[in-house]
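> Here's a structure for you.
There are 2 protein chains.
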Amino acid sequence: MPSHKSIGRLSLYRSILNRLLRDGVNSLFSHELASLAGATPSQVRRDLMVTGYTGSPVRGYDVRDLLASIGRFLDAPESEGVALVGVGNLGRAIMAFFTGRRPSLTIQAAFDRDPYKVNRVIHGIRCHPMEDLESVLVREHVRVAIITVPAIEAQDIADRLCRAGVKGILNFAPVRLRVLPSVFVEDVDVTMSLEKVAYYSRQGNRAEGI
Amino acid sequence: MPSHKSIGRLSLYRSILNRLLRDGVNSLFSHELASLAGATPSQVRRDLMVTGYTGSPVRGYDVRDLLASIGRFLDAPESEGVALVGVGNLGRAIMAFFTGRRPSLTIQAAFDRDPYKVNRVIHGIRCHPMEDLESVLVREHVRVAIITVPAIEAQDIADRLCRAGVKGILNFAPVRLRVLPSVFVEDVDVTMSLEKVAYYSRQGNRAEGI
DNA sequence: AATAACACGTGAAAAAGATAACAGTGCTAC
DNA sequence: GTAGCACTGTTATCTTTTTCACGTGTTATT
Numbered sequence: 061m062p063s064h065k066s067i068g069r070l071s072l073y074r075s076i077l078n079r080l081l082r083d084g085v086n087s088l089f090s091h092e093l094a095s096l097a098g099a100t101p102s103q104v105r106r107d108l109m110v111t112g113y114t115g116s117p118v119r120g121y122d123v124r125d126l127l128a129s130i131g132r133f134l135d136a137p138e139s140e141g142v143a144l145v146g147v148g149n150l151g152r153a154i155m156a157f158f159t160g161r162r163p164s165l166t167i168q169a170a171f172d173r174d175p176y177k178v179n180r181v182i183h184g185i186r187c188h189p190m191e192d193l194e195s196v197l198v199r200e201h202v203r204v205a206i207i208t209v210p211a212i213e214a215q216d217i218a219d220r221l222c223r224a225g226v227k228g229i230l231n232f233a234p235v236r237l238r239v240l241p242s243v244f245v246e247d248v249d250v251t252m253s254l255e256k257v258a259y260y261s262r263q264g265n266r267a268e269g270i
Numbered sequence: 061m062p063s064h065k066s067i068g069r070l071s072l073y074r075s076i077l078n079r080l081l082r083d084g085v086n087s088l089f090s091h092e093l094a095s096l097a098g099a100t101p102s103q104v105r106r107d108l109m110v111t112g113y114t115g116s117p118v119r120g121y122d123v124r125d126l127l128a129s130i131g132r133f134l135d136a137p138e139s140e141g142v143a144l145v146g147v148g149n150l151g152r153a154i155m156a157f158f159t160g161r162r163p164s165l166t167i168q169a170a171f172d173r174d175p176y177k178v179n180r181v182i183h184g185i186r187c188h189p190m191e192d193l194e195s196v197l198v199r200e201h202v203r204v205a206i207i208t209v210p211a212i213e214a215q216d217i218a219d220r221l222c223r224a225g226v227k228g229i230l231n232f233a234p235v236r237l238r239v240l241p242s243v244f245v246e247d248v249d250v251t252m253s254l255e256k257v258a259y260y261s262r263q264g265n266r267a268e269g270i
């Protein structure tokens with residue numbers, strides 16, 4: 061039972077490690093990863109414990125092995141499809157961002173009400189009409205969805221997603237979604253984040269951890 | 061010295077209260093606000109302590125007064141300008157989102173390298189050429205900035221922002237920024253959030269707090 | 001060969017954050 | 001009136017998360 065934040069950091073470590081690997085780095089120590097991630101060495105070591113991977117005090121962590129170990133812990137056994145609902149500016153930004161990224165987590169279907177978008181392929185992702193939400197999700201066994209519709213529509217979409225068997229929602233709409241406790245919701249609230257930044261920028265407070 | 065998360069929740073309460081006010085609600089109790097925010101009544105009461113506002117056991121909290129009190133605590137004494145760097149899909153989505161929202165926190169200037177965007181007004185916000193970053197920020201006393209440029213450019217932009225006197229950064233680029241400790245950075249990492257959702261969707265874990 | 005220097009994993013202490021408990025207050029209903 | 005209730009502000013307790021500190025094993029150095 062790893063800490064909630066710990067899960068987030070593991071994902072962060074992975075993205076850092078991927079970049080390091082591309083730059084030809086083959087191994088590193090906890091304090092190096094910590095410095096790149098904005099964490100402490102102890103925290104890195106503790107986070108990595110849950111993955112079961114154990115590094116060498118001499119060579120540190122092997123980047124490839126560590127990546128594999130984090131992947132085994134974090135990812136589903138097979139590649140998982142994600143649905144995105146709401147192909148506005150934000151939705152398209154996310155679609156663009158994810159094209160050709162994580163092989164284990166790909167946006168498989170998008171949905172929108174706008175007839176001009178429906179049935180077109182945007183950033184390599186097919187945009188379906190909103191009516192087909194349930195049928196497509198069930199057919200493709202999608203369990204994770206991203207909500208990027210206006211606030212007013214978000215709850216309705218969330219309800220439909222849950223009925224279609226979705227178990228996790230990444231919600232960009234600025235409302236709290238009411239879902240069954242068995243469905244995990246993560247909110248990304250830009251207003252909140254910006255107000256937080258504004259607040260702390262005034263307090264002269266130091267940079268935040270992860 | 062309120063909790064870090066507490067600041068975020070105050071912002072959330074405010075957005076909920078604003079909506080309630082529009083719907084004609086004039087007062088409410090801690091448990092009602094808690095339910096809307098996905099928190100516990102104790103947590104709401106505790107969070108509100110820092111604002112100094114005190115409600116009545118009979119009538120609960122007056123929505124208007126509470127909003128004012130949260131505003132006094134959270135906002136700068138005068139309306140504050142925000143800069144946005146990077147007018148891609150994501151940047152435009154954020155600009156659209158903030159047009160005519162918080163009067164106390166408005167996006168005042170945008171920046172991009174693309175000559176097609178420069179000097180145009182997008183969602184009511186003037187887009188400046190990237191070269192003018194420092195001069196515009198200094199001239200307009202901007203202390204808060206949003207980074208929505210590609211990862212590779214983010215650190216450079218952050219450095220320039222800091223030199224121009226920015227004290228808080230909301231960073232959407234998937235890299236950790238290295239800044240002086242006096243600058244507050246909040247990261248919005250979509251990949252991380254999505255991987256977290258995917259992980260917990262598999263664990264059948266219950267919905268998260270705030 | 002002995003020892004100093006490191007960095008690992010992990011249990012224990014400390015800090016932060018959330019929840020529960022309680023005293024106080026004003027209304028309502030007898 | 002006064003007992004009961006429903007809520008508040010705040011203190012106390014409990015849980016989660018982070019940091020510290022130590023034992024271990026390996027290499028480099030005297």
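Heads up: the protein sequence lines correspond to chains A and B, in order.
What the first sequence shows, in our numbering, is residues 61 to 270, in sequence order.
What the second sequence shows, in our numbering, is residues 61 to 270, in sequence order.
Ideal placement from N, C-alpha and C gives every residue a C-beta, glycine not left out.
1) So, does the CB of Gly112(A) fall closer than 8 Å to a CB anywhere in chain B?
2) Applying a beta-carbon distance threshold of less than 7 Å, which residues of chain A neighbour Leu230(B)?
3) Would you kindly report the start and end of the unbroken alpha helix (DSSP H) that includes Asp83(B)?
4) Please state whether DSSP places Ala205(B) in a helix, a strand or coil.
5) Can you name the start and end residues of the alpha helix (DSSP H) that Pro101(A) belongs to?
6) Quick check: the Cα distance between Asp216(A) and Val248(A), rounded to an integer number of angstroms?
7) Compile a chain-ordered list of the residues in the region 139-160 of chain B whose CB is closer than 9 Å to at least one CB of chain A.
8) For the alpha helix (DSSP H) that Asp219(A) lies in, which residues bound it at each end?
9) Between Asp83(B) and the ligand NAD, is the CB less than 7 Å from at least one heavy atom?
10) Check whether chain B comes within 8 Å of Val198(A), counting only Cβ atoms and requiring the distance to be less than that.
11) Mind checking if Asp172(A) is an interface residue toward chain B, Cβ cutoff 8 Å exclusive?
12) Between the Cα of Met109(B) and those of Leu77(B), Ser63(B), Leu96(B) and Glu138(B), spot the shortest distance and give me the residue it belongs to.
13) Just verifying my parser: in three-state terms, what is the DSSP assignment at Phe133(B)?
14) How should Leu134(A) be labelled, buried or exposed, when 16 other C-beta atoms within 10 angstroms of its C-beta is the threshold for buried?
15) If distances are taken between C-alpha atoms only, which option among Gln263(B), Val250(B) and Ile130(B) comes closest to Ala153(A)?
16) Are any of the Cβ atoms in chain A nearer than 8 Å to that of Asp249(B)?
17) Here's a check: name, in chain order, each residue in its chain whose Cβ is nearer than 8 Å to the Cβ of Gln174(B), leaving out the five neighbours to either side.
18) Taking the beta carbon of Met252(B) as the centre, do at least 16 other beta carbons fall within 10 Å, making it buried, or is it exposed?
19) Which class does Val239(A) belong to by DSSP, given the choice of helix, strand or coil?
20) To the nearest angstrom, how far is it from the Cα of Arg180(A) to the Cα of Asp172(A)?
21) If I measure Cβ to Cβ from Val204(B) and keep anything under 6 Å in the same chain, skipping five residues before and after, which residues do I get?
22) I believe Pro101(B) touches Ser90(B) by the beta-carbon criterion, under 8 Å. Please report the beta-carbon distance rounded to the nearest angstrom.
23) Identify each residue in the region 67-87 of chain B for which the Cβ-Cβ distance to at least one residue of chain A is less than 7 Å, and report them in chain order.
24) Put His188(A) into one of helix, strand or coil per three-state DSSP.
25) Do the CB positions of Leu77(A) and Val123(A) come within less than 8 Å of each other?
26) Using 8 Å for Cβ pairs, my map puts Leu81(B) next to Gly120(B). What's the rounded Cβ distance?
27) Rounded C-beta distance between Ala169(A) and Val209(A)? I'm assuming under 8 Å.
28) So Leu227(B) contacts chain A; which residues on that side make the cut at Cβ distance below 8 Å?
29) Where does Glu255(A) land, buried or exposed, given buried means 16+ other C-beta within 10 angstroms?
30) According to the neighbour-count rule (16 or more other Cβ atoms, all chains shown, within 10 Å of its Cβ), is Pro163(B) buried or exposed?
31) Chain B partners of Gly120(A), CB-CB under 9 Å?
32) Tell me, please, which residues DSSP counts as bridged to Ile167(A).
33) Rounded to whole angstroms, what's the CA-CA distance from Ser261(B) to Leu144(A)? Just pull it up for me.
34) At a Cβ threshold of 8 Å, is Ala97(A) touching chain B?
35) Determine whether the beta carbon atoms of Arg220(B) and Leu237(B) lie at a separation below 8 Å.
36) On the DSSP bridge assignment, give the partners of Tyr121(A) in chain order.
Based on what the coordinates show:
1) Not a single C-beta of chain B is nearer than 8 Å to the C-beta of Gly112(A).
2) Below the 7 Å Cβ cutoff, chain A contributes Ser253, Leu254 and Val257 as neighbours of Leu230(B), in chain order.
3) Counted as a single uninterrupted DSSP element, the stretch harbouring Asp83(B) is not any alpha helix (DSSP H), since DSSP gives it neither H nor E.
4) It is a strand residue.
5) For Pro101(A), the enclosing alpha helix (DSSP H) covers residues Pro101 to Met109.
6) The straight-line gap from Cα to Cα measures roughly 18 Å.
7) Answer set for the region 139-160 of chain B: Glu140, Val142, Gly148, Asn149, Leu150, Gly151, Arg152, Ala153, Ile154, Met155, Ala156, Phe157 and Phe158.
8) For Asp219(A), the enclosing alpha helix (DSSP H) covers residues Ala211 to Arg223.
9) For the ligand NAD, the structure offers nothing, since it holds no ligand at all.
10) No, its Cβ sits nowhere closer than 8 Å to a Cβ of chain B.
11) Cβ-Cβ to chain B under 8 Å: no for Asp172(A).
12) Out of Leu77(B), Ser63(B), Leu96(B) and Glu138(B), Ser63(B) has the C-alpha closest to the C-alpha of Met109(B).
13) In this structure, Phe133(B) counts as helix in the three-state DSSP scheme.
14) Leu134(A) should be labelled buried.
15) For the residues Gln263(B), Val250(B) and Ile130(B), the minimum Cα distance to Ala153(A) belongs to Val250(B).
16) By this cut-off, Asp249(B) is an interface position.
17) Going by the sequence as given, residue 174(B) is Asp instead of Gln. The beta carbon of Asp174(B) is closer than 8 Å to those of Val147 in its chain, skipping five residues each way along the sequence.
18) It is buried - the Cβ of Met252(B) has at least 16 other Cβ atoms within 10 Å.
19) In the structure shown, Val239(A) falls within a coil segment according to DSSP collapsed to helix, strand and coil.
20) Going from the Cα of Arg180(A) to the Cα of Asp172(A) covers about 11 Å.
21) Only Val142 and Gly228 meet the Cβ criterion.
22) 4 Å between Cβ atoms; contact.
23) Look at the region 67-87 of chain B: the residues with a C-beta under 7 Å from a C-beta of chain A are Ile67, Gly68, Ser71, Leu72 and Ser75.
24) Of the three classes helix, strand and coil, the one that applies to His188(A) here is strand, per DSSP.
25) Yes, the pair counts as a contact, with Cβ atoms nearer than the cut-off.
26) Contact annotation, Leu81(B) with Gly120(B): C-beta distance approximately 14 Å; criterion of less than 8 Å not satisfied.
27) Contact between Ala169(A) and Val209(A) is absent: CB atoms are separated by about 15 Å, not below the 8 Å threshold.
28) Reading the sequence as shown, one finds Lys at residue 227(B) and not Leu. Simply Ser261, Arg262 and Gly264.
29) It counts as buried.
30) Result: exposed.
31) Within chain B, no residue comes near Gly120(A); the closest Cβ sits about 19 Å away, beyond 9 Å.
32) For Ile167(A), which the question treats as bridged, DSSP gives the partners Val142(A).
33) Looking at the two C-alpha atoms, the distance is approximately 16 Å.
34) Cβ-Cβ to chain B under 8 Å: yes for Ala97(A).
35) Cβ atoms of Arg220(B) and Leu237(B): not closer than 8 Å.
36) For Tyr121(A), which the question treats as bridged, DSSP gives the partners Leu88(A).
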